[in-house]
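Here is the structure we will look at.
Protein chains: 2
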Amino acid sequence: MELTIKEIALRAGVSKSTVSRVISGKGYTSLEVRDKVLQLIEELQYKPNAVARAMVSQRTHNIGVLIYRRHHPIASHPFYGKILDAILMTAASLNYSVFVTTDHEMSLRSADFMMEKRVDGLILISRLQQNVIDYIANFGVPYVMVNGSTDVDGVMHIVNQDEEGGRMVAEYLTDVGHRQIFVIAGPQTHRSHNLRLKGFKNYMAGMGAPIPTSSILQASTSTFGEGYELMRSHWEQFRAGGFTALFATNDMIALGAMKFMLEQSIRIPEQVAVVGFDDIDFAAMFSPSLTTIRVNTEEMGTQAFSLLDKLIRQEANIENPKQLVPRLIVRQSTE
Amino acid sequence: MELTIKEIALRAGVSKSTVSRVISGKGYTSLEVRDKVLQLIEELQYKPNAVARAMVSQRTHNIGVLIYRRHHPIASHPFYGKILDAILMTAASLNYSVFVTTDHEMSLRSADFMMEKRVDGLILISRLQQNVIDYIANFGVPYVMVNGSTDVDGVMHIVNQDEEGGRMVAEYLTDVGHRQIFVIAGPQTHRSHNLRLKGFKNYMAGMGAPIPTSSILQASTSTFGEGYELMRSHWEQFRAGGFTALFATNDMIALGAMKFMLEQSIRIPEQVAVVGFDDIDFAAMFSPSLTTIRVNTEEMGTQAFSLLDKLIRQEANIENPKQLVPRLIVRQSTE
DNA sequence: TAAATATGTGGGAACGGTCTCACATGAAGA
DNA sequence: TCTTCATGTGAGACCGTTCCCACATATTTA
Chain A
306 MELTIKEIAL RAGVSKSTVS RVISGKGYTS LEVRDKVLQL IEELQYKPNA VARAMVSQRT
366 HNIGVLIYRR HHPIASHPFY GKILDAILMT AASLNYSVFV TTDHEMSLRS ADFMMEKRVD
426 GLILISRLQQ NVIDYIANFG VPYVMVNGST DVDGVMHIVN QDEEGGRMVA EYLTDVGHRQ
486 IFVIAGPQTH RSHNLRLKGF KNYMAGMGAP IPTSSILQAS TSTFGEGYEL MRSHWEQFRA
546 GGFTALFATN DMIALGAMKF MLEQSIRIPE QVAVVGFDDI DFAAMFSPSL TTIRVNTEEM
606 GTQAFSLLDK LIRQEANIEN PKQLVPRLIV RQSTE
Chain B
306 MELTIKEIAL RAGVSKSTVS RVISGKGYTS LEVRDKVLQL IEELQYKPNA VARAMVSQRT
366 HNIGVLIYRR HHPIASHPFY GKILDAILMT AASLNYSVFV TTDHEMSLRS ADFMMEKRVD
426 GLILISRLQQ NVIDYIANFG VPYVMVNGST DVDGVMHIVN QDEEGGRMVA EYLTDVGHRQ
486 IFVIAGPQTH RSHNLRLKGF KNYMAGMGAP IPTSSILQAS TSTFGEGYEL MRSHWEQFRA
546 GGFTALFATN DMIALGAMKF MLEQSIRIPE QVAVVGFDDI DFAAMFSPSL TTIRVNTEEM
606 GTQAFSLLDK LIRQEANIEN PKQLVPRLIV RQSTE
């Protein structure tokens, strides 16, 4: 049925051991035999069976990416999708194949599946519950977390310097003269939103212009719709408060808020300056384009995979990853 | 080392055949033995080894998604990413795992890899060259193409009714009074752009208002940047021609063109009405939101996988998929 | 010249499952 | 009572590789 090493061996008049040696390049083979076998492989389009290979080597050279989500699939998510892309690229360059799965929060189904498929390692993106980590750790598969909702002791975690990013926003906005700044903060259940807010607040307090709780709106999801809706319902408060700038802890929220304001013919940045966070593709495309803090998603994906690879290869002295350095990108929404 | 069926059998005091029977539910097993084995499996957290299973069943229950790209990874692409998401969902519900790979045009590296991994089937997204198809077909693996750059004889192809969509745009724009319509057409190398343009032109000609070649701009890529750039370089021509509407054969181009016009303080839709195609998420978020033709990407992904599953299961009488029905979504950019 | 080493090859166990077959036993049908 | 059949179990081949080991032969080294 399937074209096997045995068939090649038969045609070449040698044993399968010899063919195996030619393919792997390990051990001795005469030039004569090598040429013959290689030619046969080319001719018959023989592809080694990675399944059988995994069976004996106990390594599949496959990894799994688990993306946790609340309600919707997010492989196409403007932020997480970028990270995924980088993982895909890096993995391919190191000859790994990648299973991509999304799962409901708390569900172990995907994780289960990946265990059965005997992936060499896992990358966990976004929110991740303790039970999932326990489950995976229990199974003994190496894993790396990317931009998780919380830090977990002993878990390798690739994250951005979110607190520093929040500080940068505050520094920039005050530098260009803003004092009355309104904030829409993403879900408190997520680490990055909390740290961004923290960095921002701390700097402002340090400047002698602390942000009162009343100027901070708590978003329940970090979506465009939520940003739009919160801006709509609080516009009167915003206007009355004499605010000149808005900081949203991610771009999606910022963009949603902007959309509402533009519909009300509020001029950005003249009446309201807006700063987001993430630098998703759409931030630059929006009109006006959005000033934001760029999170190096490509580096996140690359680092996550490289780290996982080290873990898989059981390299010695693996260091905890350094937090990624964010960068302020000034665009039309503030100047 | 690994927890195997043999170990379970040992502890339960039965043979591995019996354990296998309990797990698969095939054949007879006494209630007593069944309970004991099941309890042991639960207790020891035994996960059947899908690799070994694939070895004997000659079915991996894995499929591969190949996304071809020109220059950049596109798992995070606003259009293809949506299709990918739908595939991921559908596949998961049918207990398949999905390898996602992107590759350079013409490269067979990813395809090769998928063959070695012995995927049960392949889904090919976007552009796809004859050589890749030949290569895969030669290997005898079932495959389905989604929104490919060209139709290929005998290849199952999930596509949108692009020509009909183009017609809908023309009908709508003429209905609301536009006669002087400017067009930016995406790359001629892609089937969908050609058909969208064709449907549009045919309707206009039928209305006695044919579109002269001079009002059709040929884009070399279907990107935001290209839309922006083409609009910038041809704005004078546009203005002088007395055009009142713009049709771009996809949303990204349309959005790019809009971005330029908004920067020039051109009012949309009062001065220029704009219609795109695809209905990517950003279309609704942009300000003004974009009137467009919705392509049912979710259905595309779902159909693609369902079809592939039928092919894999060698179901009888598999019909060629029906083209998906597009829908006009009217938004702020035209009214 | 004998022993050690380099070079080349094949046999067969192992990886962790599935599945066919043979073989029990007990109950039902002739 | 003898056959038939449903129920329950275990032995062992097999899937396509890798890799260890045994065994040649040729080439060095002592």
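If you read the protein sequences in the order shown, they are chains A and B.
According to our numbering, the first sequence is numbered sequentially starting from 306.
According to our numbering, the second sequence is numbered sequentially starting from 306.
Here a beta-carbon is modelled for each residue, glycine too, at the ideal position from N, C-alpha and C.
It should be emphasised that the depicted structure is a prediction, and the values quoted were computed from it without experimental measurement.
Close-in-space but distant-in-sequence residues of the same chain around residue i (CB under 8 angstroms, 5 per side omitted)
i             : result
residue 571/A : 577
residue 332/A : 326
residue 493/A : 499, 523
residue 353/B : 310, 328
residue 481/A : 578, 639, 640
Residues near residue i by beta carbon distance below 7 angstroms, same chain, minus five either side
i             : result
residue 512/B : 479
residue 475/B : 505, 508, 509
residue 484/A : 514
residue 364/B : 425
residue 321/B : 310, 311, 314
residue 566/A : 536, 573, 577
residue 539/A : 522
residue 308/A : 349, 351
Chain B within 9 angstroms of residue i, Cβ atoms only
i             : result
residue 561/A : yes
residue 625/A : no
residue 554/A : no
residue 344/A : no
residue 350/A : yes
residue 408/A : yes
residue 423/A : yes
residue 487/A : no
residue 610/A : no
residue 452/A : no
Boundaries of the alpha helix (DSSP H) in which residue i is found, first to last residue
i             : result
residue 391/B : 385-398
residue 613/B : 602-617
residue 543/A : 529-545
residue 316/A : 310-317
residue 323/B : 321-329
Pair within 9 angstroms by beta-carbon distance, residue i and residue j
i             : j             : result
residue 443/B : residue 344/A : no
residue 581/B : residue 601/B : no
residue 503/A : residue 453/A : no
residue 530/B : residue 553/B : no
residue 520/B : residue 546/B : yes
residue 408/A : residue 373/A : yes
residue 528/A : residue 496/A : no
residue 371/B : residue 429/B : yes
residue 559/B : residue 638/B : yes
residue 359/A : residue 423/A : yes
residue 427/B : residue 386/B : no
residue 541/B : residue 561/B : no
residue 597/B : residue 634/B : yes
residue 383/A : residue 585/A : yes
residue 457/B : residue 435/B : yes
residue 588/A : residue 632/A : no
residue 592/B : residue 575/A : no
Neighbour flag for residue i against chain A, beta carbons, 9 angstroms
i             : result
residue 382/B : yes
residue 618/B : no
residue 599/B : no
residue 536/B : no
residue 590/B : yes
residue 545/B : no
residue 393/B : yes
residue 439/B : no
Residue i - containing beta strand (DSSP E), residue span
i             : result
residue 446/B : Counting along the chain, residue 446/B falls outside any beta strand (DSSP E), and DSSP gives it neither H nor E.
residue 597/B : 597-599
residue 349/A : Per DSSP, residue 349/A belongs to no beta strand (DSSP E); it is in the alpha helix (DSSP H), 336-349.
Beta-carbon proximity list for residue i, same chain, < 6 angstroms, skipping 5 on both sides
i             : result
residue 487/A : 520, 543, 548, 551
residue 420/A : 444
residue 449/B : 428, 461, 609, 612, 613
Cβ-heavy atom distance, residue i to the ligand GTP, below 8 angstroms
i             : result
residue 510/A : Summarising the ligand content, the structure contains no ligands, and the ligand GTP is consequently not present.
Notebook entry, point to check: Does the segment 314-332 of chain B come close enough to the segment 618-625 of chain A that 3 or more CB-CB pairs lie under 8 angstroms?
Noted result: no
| Any 3 or more C-beta pairs closer than 8 angstroms across the segment 486-500 of chain A and the segment 460-470 of chain A | yes
Stretch pair the segment 393-407 of chain B + the segment 593-611 of chain B: three plus CB contacts closer than 8 angstroms: yes
So does the segment 397-406 of chain B actually touch the segment 400-420 of chain A, counting three or more Cβ pairs closer than 8 angstroms? yes
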